Amino acid sequence: MKEYLKIIDEVIRKGKYKDTWQSLQQYKAPEWYEKAKFGIFIHWGVYSVPAFGSEWYSRNMYIQGSREYEHHIKTYGEHKDFGYKDFIPMFKAENFNADEWAELFEQAGAQYVMPVAEHHDGFQMYDSRLSEWNAKNMGPKRDVLGEIFKACEKRGMVNGTSNHRVEHWFFMGHGKEFDSDIKDPMKRGDFYWPAMPEKELHDRFSEPAPTEEFLQDWLCRCCEIVDKYKPRILYFDWWIEHSAVKPYLRKFAAYYYNRAEEWGQGVVINYKRDSFAFGTAVIDVERGQFADSKPYIWQTDTAVAKNSWCYTRENRYKTAAQVICNLVDIVSKNGRLLLNIGPKADGTIPDEDKNILLETGRWLKVNGEAIYGAKPWRTSSEGTTKAAEGSFSDGEAKPFTSEDIRFTVNNGCIYAICLNMNGKDSVCIHSLADTSAADKLDFSGIIKAVEALGCDDAPEWSRDSAGLHIKMKQVQSEYPVTFKITTD
Numbered sequence: 001m002k003e004y005l006k007i008i009d010e011v012i013r014k015g016k017y018k019d020t021w022q023s024l025q026q027y028k029a030p031e032w033y034e035k036a037k038f039g040i041f042i043h044w045g046v047y048s049v050p051a052f053g054s055e056w057y058s059r060n061m062y063i064q065g066s067r068e069y070e071h072h073i074k075t076y077g078e079h080k081d082f083g084y085k086d087f088i089p090m091f092k093a094e095n096f097n098a099d100e101w102a103e104l105f106e107q108a109g110a111q112y113v114m115p116v117a118e119h120h121d122g123f124q125m126y127d128s129r130l131s132e133w134n135a136k137n138m139g140p141k142r143d144v145l146g147e148i149f150k151a152c153e154k155r156g157m158v159n160g161t162s163n164h165r166v167e168h169w170f171f172m173g174h175g176k177e178f179d180s181d182i183k184d185p186m187k188r189g190d191f192y193w194p195a196m197p198e199k200e201l202h203d204r205f206s207e208p209a210p211t212e213e214f215l216q217d218w219l220c221r222c223c224e225i226v227d228k229y230k231p232r233i234l235y236f237d238w239w240i241e242h243s244a245v246k247p248y249l250r251k252f253a254a255y256y257y258n259r260a261e262e263w264g265q266g267v268v269i270n271y272k273r274d275s276f277a278f279g280t281a282v283i284d285v286e287r288g289q290f291a292d293s294k295p296y297i298w299q300t301d302t303a304v305a306k307n308s309w310c311y312t313r314e315n316r317y318k319t320a321a322q323v324i325c326n327l328v329d330i331v332s333k334n335g336r337l338l339l340n341i342g343p344k345a346d347g348t349i350p351d352e353d354k355n356i357l358l359e360t361g362r363w364l365k366v367n368g369e370a371i372y373g374a375k376p377w378r379t380s381s382e383g384t385t386k387a388a389e390g391s392f393s394d395g396e397a398k399p400f401t402s403e404d405i406r407f408t409v410n411n412g413c414i415y416a417i418c419l420n421m422n423g424k425d426s427v428c429i430h431s432l433a434d435t436s437a438a439d440k441l442d443f444s445g446i447i448k449a450v451e452a453l454g455c456d457d458a459p460e461w462s463r464d465s466a467g468l469h470i471k472m473k474q475v476q477s478e479y480p481v482t483f484k485i486t487t488d
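Taking my numbering, the leading residue of the sequence shown gets 1, the next gets one more, and so forth.
What follows is the structure, encoded as structure tokens:
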């Protein structure tokens, strides 16, 4: 590890980017990411074996009295005899086929794909020299990350990955509170190390703070992913905002951006809350979004399941229509959607996940010109149904009506996307009212044509001071309808 730390320091010393916020604010998101609007997130790991509760099973199974704790004893026995590590031999991934996954993601219309490289449980889903606890060495005995990257690259999708390692500092800590397989002493490199006490998780100054040894190990793991796989996106989860992590975050960002300069490729770091100084990376909103359009690009990450990021036998799923409406709403506000699925332990993707992806892909095949590469219009939306601001706000479907419309611009056209016309045959778009006769500026221009994407019959339309009136055959679909509006 010491040699790797020297390499990191040398790359930063020689490179354009230094490990200061001032230097990192030279960063600009690449054009390919500005145009990308839809990506696939993949939570797959050892936690997919118990398939109970959520991807936090490795933590919660050691919390006495929790559902996971009781389930574990009932299903697998006492923790001292069967701990989380004992799931690894059961994680065989015998039906995993990266090419089949990539084909599905391509059919879904994804532009980038982001498998989790290492989650809070500390098991690496890639071939690592820094720890023996990885998928190449144990469990599947395959370089899962490498195989997915290769398959997606063949199909023209951009490869990204995520690292959730920093939360491992406390993730197994509760196992030291009773007779379990998590015991002292442990040293760096052990699967459960360091298993520190869990304090106030959302306190950025919580004690005990991660040590230099742990954070150096974290930094090297992140940089190893960069050097070995050259991801174009690297996503971090929430606990990197801890004050002790900030110097290492700056080091990582400088290292990653300098390596990208060497490759001649634009890269992206996704972060949450205020982990990074604004303008040094791209902000992400977990299971939520912004209420209004932003002048800067941003991302939402959410899952097809409401209750878990990984596969569980009790997953409760969103509908494809809910996912597509969410995508449209986000894109209209200058965002992009990273949609998570959770494969089973054997490597198969559940039918529910698969169907949502395929339905989304079918919609994008017809309506993609309003999404891919699109930019916000002068107003992002009209209607009474608004998305709530902030994280963890997208669990339930919004009651969208034919009055709820989202706007984008692309190819010299305005796209007005009606989120719910099911059972309706007309719509009035008030934001496209003819204001030329009034003492107002008309930013819409003269409308020359109106087309409903995917419909054979041209809609009838007229325009007056109330809005653009569109009439067509009654819609019998729960999915959004896109109107392509050509102006002068």
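Each residue gets a CB set at the ideal place from its N, CA and C atoms; glycine is no exception. Here the structure is a predicted model, which means the values were calculated and not measured.
Can you list, in chain order, the residues of its chain with a C-beta nearer than 6 Å to that of residue i? Leave out the 5 residues immediately preceding and following it.
{"i": "A260", "result": "V267"}
{"i": "W44", "result": "P343"}
{"i": "C222", "result": "N163, F252"}
{"i": "A244", "result": "A209, P210"}
{"i": "C310", "result": "H43, Y47, S48, E55, G342"}
{"i": "H72", "result": "M61"}
{"i": "C152", "result": "A102, V113, N159"}
Less than 8 Å between the CB atoms is what I'm expecting for residue i and residue j, so what's the real figure, rounded?
{"i": "I40", "j": "V113", "result": "5 Å"}
{"i": "R59", "j": "F171", "result": "5 Å"}
Determine, for residue i, whether the minimum Cβ-Cβ distance to residues of chain C falls below 8 Å.
{"i": "M138", "result": "Looking for chain C here will not work: only one protein chain is present."}
For residue i, does the three-state DSSP call read helix, strand or coil?
{"i": "T482", "result": "strand"}
{"i": "G53", "result": "coil"}
{"i": "M157", "result": "coil"}
{"i": "N410", "result": "strand"}
{"i": "P115", "result": "strand"}
{"i": "F87", "result": "helix"}
{"i": "E396", "result": "coil"}
{"i": "N95", "result": "coil"}
{"i": "Q490", "result": "Residue 490 is absent from the model: the chain starts at 1 and stops at 488."}
{"i": "E198", "result": "coil"}
{"i": "T385", "result": "coil"}
{"i": "G361", "result": "helix"}
{"i": "R221", "result": "helix"}
{"i": "R188", "result": "coil"}
{"i": "I240", "result": "helix"}
{"i": "H168", "result": "helix"}
{"i": "Y271", "result": "strand"}
{"i": "H43", "result": "coil"}
{"i": "N258", "result": "helix"}
{"i": "K6", "result": "helix"}
{"i": "R67", "result": "helix"}
Thinking C-beta only, is residue j closer than 8 Å to residue i?
{"i": "H242", "j": "A277", "result": "no"}
{"i": "W169", "j": "P194", "result": "yes"}
{"i": "R188", "j": "E212", "result": "no"}
{"i": "N326", "j": "L337", "result": "yes"}
{"i": "L130", "j": "Y229", "result": "no"}
{"i": "T408", "j": "V331", "result": "yes"}
{"i": "P376", "j": "S293", "result": "yes"}
{"i": "G454", "j": "V366", "result": "yes"}
Quick one: is residue i buried, meaning 16 or more other Cβ sit within 10 Å of its Cβ, or exposed?
{"i": "Y192", "result": "buried"}
{"i": "P399", "result": "exposed"}
{"i": "A397", "result": "exposed"}
{"i": "P185", "result": "exposed"}
{"i": "N159", "result": "buried"}
{"i": "A466", "result": "exposed"}
{"i": "K449", "result": "Sequence check: residue 449 is Ala here, not Lys. It is exposed - the Cβ of A449 has fewer than 16 other Cβ atoms within 10 Å."}
{"i": "P89", "result": "exposed"}
{"i": "K37", "result": "buried"}
{"i": "G264", "result": "exposed"}
Might you give, ordered along the chain, the residues of its own chain that have their beta carbon closer than 8 Å to the beta carbon of residue i, omitting 5 neighbours on each side?
{"i": "I446", "result": "T487, D488"}
{"i": "I297", "result": "A29, Y33, E34, V282, N334, G335, R336"}
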